[in-house]
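The next block holds one structure in the form of structure tokens; read it before the comments.
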Amino acid sequence: MDARLLEILVCPICKGPLDYRKSQQELVCKPCRLAYPVRDDIPVMLEEEARQLAPEEAAG
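Each residue of the sequence shown is one higher than the one before, counting from 0 in numbering that gives the first Met the number 0.
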């Protein structure tokens, strides 16, 4: 995933920063406890496509 893109992407809900989890191909918003999928190096920044994180995932 392009590092420049990661610098400008924010959570569409809270506008907070996102953590890229390369192994899971997800962008994670810890405050919202949501993980947005990255498909073919394209982030899917739609709330309905995001998965809810378990409490232990949001902490890590």
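Built from N, CA and C at the ideal position, the CB exists for glycine as well.
All figures in this text were calculated on a predicted structure; none of them were measured in a lab.
DSSP places Ala53 in the coil class of the three-state scheme, outside both helix and strand. Our two residues, Glu56 and Leu26, have alpha carbons roughly 12 Å apart in a direct line. Pro30 is the residue among Pro30, Leu5, Asp40, Pro36 whose C-alpha sits nearest the C-alpha of Ile12. Cβ neighbours of Leu17 within its own chain (closer than 8 Å, five residues either side excluded): Leu5, Leu8, Val9, Cys10, Leu26, Val27, Cys28, Tyr35.
Listed as beta-bridge partners of Val37 by DSSP are Pro42.
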